[in-house]
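In our numbering, the protein residues as written are 48 to 290.
C-beta atoms are modelled at their ideal positions from N, C-alpha and C, and glycine is treated no differently.
All values reported here derive from a predicted model rather than from experimental measurement.
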Amino acid sequence: MALRQSKKKRPRREDKMDKNLWPLEEGVFDRTSLISLTKFMKKGVFKSIDYCIAEGKEANVYRGTTAEGGFVAIKMYRLRSPSFVHMQQYMEGDRRFANTRNGVDLIHAWTQKEYKNLSIMHDLGCRVPDPIAFKANILAMEFLGVEGVPYSQLSDIGSEDPNGDYDLLLSDLNKMREGGLVHADVSEYNILMTDKGPYLIDCGQAVLTTHPRAEEFYKRDLANLWKYFKKYKEFDRPEPNTD
Ligand SMILES: Nc1ncnc2c1ncn2[C@@H]1O[C@H](COP(=O)(O)OP(=O)(O)OP(=O)(O)O)[C@@H](O)[C@H]1O
Ligand SMILES: [Mg+2]
């Protein structure tokens with residue numbers, strides 16, 4: 048199968064290596080995160096941080112290199128102006144984070160939450176990045192890419208097999224739900240198109256099925272997925288029942 052790699056993105060992302068290296072004003076580094084990065088390096092999780100793959104609303108994602116020459120994705124949550132209210136909605140009633148306070152404490156808990164969510168999803172056999180380690184506002188996970196170039200989002204590259212890709216994603220969402228989790232932020236921006244099919248990313252907001260709004264989030268995920276794939280004329284899957 049041809050690798051679904053966005054040609055137009057490749058040079059732009061590599062160009063960022065010089066421009067965007069470590070700008071402290073991005074708000075993802077503080078004393079604790081710098082100490083945590085050093086600890087990761089001492090433990091061999093990665094030996095260097097190469098460049099910023101993406102600057103998101105809540106986090107920056109960097110590519111790291113290991114001593115063996117492999118790659119890791121390093122997601123660093125923003126410590127300033129984060130969406131506390133938004134985050135709290137997805138943590139309320141979650142027994143895993145009952146004692147979480149606000150501010151940096153919330154960001155650290157959120158980082159741990161994404162790590163835990165990814166671990167459960169990965170163990171359930173869902174296509175998500177394999178989590179490697181977390182500390183403070185930093186999550187290290189499997190790098191989804193080829194030859195060091197990250198795979199593209201579904202929104203950028205589209206789908207060559209809408210029915211097949213939809214089926215895989217739907218099956219993963221159902222697997223998660225049976226395993227006790229709802230992703231809660233499914234969109235074409237949170238799906239990377241890999242040579243092993245579509246992978247769901249950005250799993251920090253995923254909630255336990257015991258969350259009071261879990262069913263609502265699950266239905267919203269299904270509706271978002273179906274609405275995206277519906278634009279392909281060969282797409283023939285029935286609309287999910289989200290009443
Ligand atoms: N494991 C990974 N391997 C390769 N690239 C990744 C990985 N995780 C994230 N990325 C890249 O970083 C981007 C942002 O990741 P993610 O959606 O997790 O962060 P975010 O800050 O929540 O973003 P946003 O606020 O835009 O939703 C992704 O679209 C993808 O391009
Ligand atoms: Mg995202």
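Check: DSSP on Lys278, reduced to helix/strand/coil?
Finding: What you label residue 278 is simply residue 231 of the sequence shown in a count that begins at 1. Residue state, collapsed to three classes: coil.
Check: Would you call the CB atoms of Lys122 and Val132 closer than 7 Å?
Finding: The residue labelled residue 122 in the question sits at position 75 within the sequence shown. The residue labelled residue 132 in the question sits at position 85 within the sequence shown. For the 7 Å CB-CB criterion, Lys122 and Val132 do not form a contact.
Note to self: Suppose the cutoff is 7 Å on Cβ atoms and the five residues either side in sequence are ignored; what does the same chain contact list for Asp232 look like?
What the structure shows: As a first step, residue 232 is located in the sequence shown; it is residue number 185 there, counting from the start. These residues qualify, in order along the chain: Asp249, Gln252.
Next item on the list: May I ask whether a heavy atom of ligand 2 can be found less than 6 Å away from the beta carbon of Asp170?
Entry: As a first step, residue 170 is located in the sequence shown; it is residue number 123 there, counting from the start. No, Cβ of Asp170 sits at least 6 Å from all heavy atoms of ligand 2.
Next item on the list: Apply the 10 Å Cβ neighbour rule to Gln135 and answer buried if 16 or more other Cβ atoms are within range, or exposed otherwise.
Entry: Mapped onto the sequence shown, residue 135 falls at position 88. Exposed, since its Cβ has fewer than 16 Cβ neighbours within 10 Å.
Notebook entry, point to check: Leaving out the 5 sequence neighbours to the left and right, which residues in its chain are closer than 7 Å to Phe266 when beta-carbon positions are compared?
Noted result: The residue you call residue 266 lines up with position 219 of the sequence shown. Here residue 266 is Lys; the residue named in the question, Phe, does not match the sequence. Here the set comprises Thr289.
Notebook entry, point to check: Looking at Leu272 and Leu216, is the spacing between their C-beta atoms short of 7 Å?
Noted result: Against the sequence shown, residue 216 aligns to sequence position 169. Against the sequence shown, residue 272 aligns to sequence position 225. Contact: yes.
Item checked: Where Asp283 falls, given that 16 or more other Cβ within 10 Å makes a residue buried -> Position 236 of the sequence shown, counted from the start, is the residue given in the question as residue 283. So Asp283 ends up on the exposed side.
Next item on the list: Could you tell me which residues DSSP puts in a beta bridge with Leu239?
Entry: The residue you call residue 239 lines up with position 192 of the sequence shown. Its beta-bridge partners are Gln200, Tyr246.
Note to self: Is the separation between the beta-carbon of Ala120 and that of His155 shorter than 7 Å?
What the structure shows: Translated into positions along the sequence shown, residue 120 becomes position 73. Translated into positions along the sequence shown, residue 155 becomes position 108. Contact flag unset, no.
Check: What span of residues does the alpha helix (DSSP H) with Leu216 cover, start to end?
Finding: Sequence index remark: in the sequence shown, residue 216 carries index 169 (1-based). Per DSSP, Leu216 is one residue of the alpha helix (DSSP H) stretching across 209-225.
Item checked: Own chain, CB closer than 6 Å to Met188, minus 5 neighbours either side, in chain order -> Sequence index remark: in the sequence shown, residue 188 carries index 141 (1-based). So the list reads Ala120, Pro176, Pro178, Ile179, once near-sequence residues are dropped.
Check: For ligand 1, is there a heavy atom less than 6 Å away from the beta-carbon of Val108?
Finding: Within the sequence shown, residue 108 is the residue found at index 61, counting from 1. Because some heavy atom of ligand 1 lies under 6 Å away, the Cβ of Val108 counts as near it: yes.
Next item on the list: Could you tell me the distance, in whole angstroms, from the CA atom of Phe276 to the CA atom of Asp214?
Entry: What you label residue 276 is simply residue 229 of the sequence shown in a count that begins at 1. What you label residue 214 is simply residue 167 of the sequence shown in a count that begins at 1. In a straight line, the C-alpha of Phe276 is about 11 Å away from that of Asp214.
Notebook entry, point to check: Using 8 Å as the threshold, is the segment 185-202 in touch with the segment 229-246, meaning 3 or more CB pairs across them?
Noted result: yes
Check: Which residue's Cα is closest to the Cα of Tyr246: Ala261, Phe190, Val196?
Finding: Position 199 of the sequence shown, counted from the start, is the residue given in the question as residue 246. Comparing alpha-carbon positions, the option among Ala261, Phe190, Val196 lying closest to Tyr246 turns out to be Phe190.
Next item on the list: Kindly indicate which residue of Gly227, Phe181, Glu263 has the alpha-carbon position closest to the one of Asp170.
Entry: Taking the first residue of the sequence shown as 1, we reach residue 170 at position 123. Selected option, being the one with the closest Cα: Gly227.
Note to self: Quick check: Ser130 and Thr112, are their CB atoms within less than 7 Å of each other?
What the structure shows: Position 83 of the sequence shown holds residue 130. Position 65 of the sequence shown holds residue 112. No, the Cβ-Cβ distance between Ser130 and Thr112 is not below 7 Å.
Next item on the list: Return yes when the Cβ of Phe118 is within less than 7 Å of the Cβ of Gly195, no when it is not.
Entry: Residue 195 sits at position 148 when you count from the first residue of the sequence shown. Residue 118 sits at position 71 when you count from the first residue of the sequence shown. In this structure, Phe118 lies closer than 7 Å to Gly195 by Cβ.
Item checked: For Phe131, the first and last residue of its enclosing beta strand (DSSP E) -> For the purposes of this step, residue 131 is taken as the residue at position 84 of the sequence shown. Run containing Phe131: none in the beta strand (DSSP E); it sits in the alpha helix (DSSP H), 131-136.
Check: Per DSSP, Ala101 forms a beta bridge with which residues?
Finding: Locating residue 101 in the sequence shown gives position 54, counting from the first residue. For Ala101, which the question treats as bridged, DSSP gives the partners Val108.
Check: Is DSSP giving Val151 helix, strand or coil here?
Finding: Counting from one through the sequence shown, the residue named residue 151 turns up at place 104. In this structure, Val151 counts as helix in the three-state DSSP scheme.
Check: Would Glu225 be called buried (16 or more neighbouring beta carbons within 10 Å of its own) or exposed?
Finding: Residue mapping note: residue 225 aligns to position 178 of the sequence shown, counting from 1. The residue is exposed, with fewer than 16 neighbouring Cβ atoms inside 10 Å.
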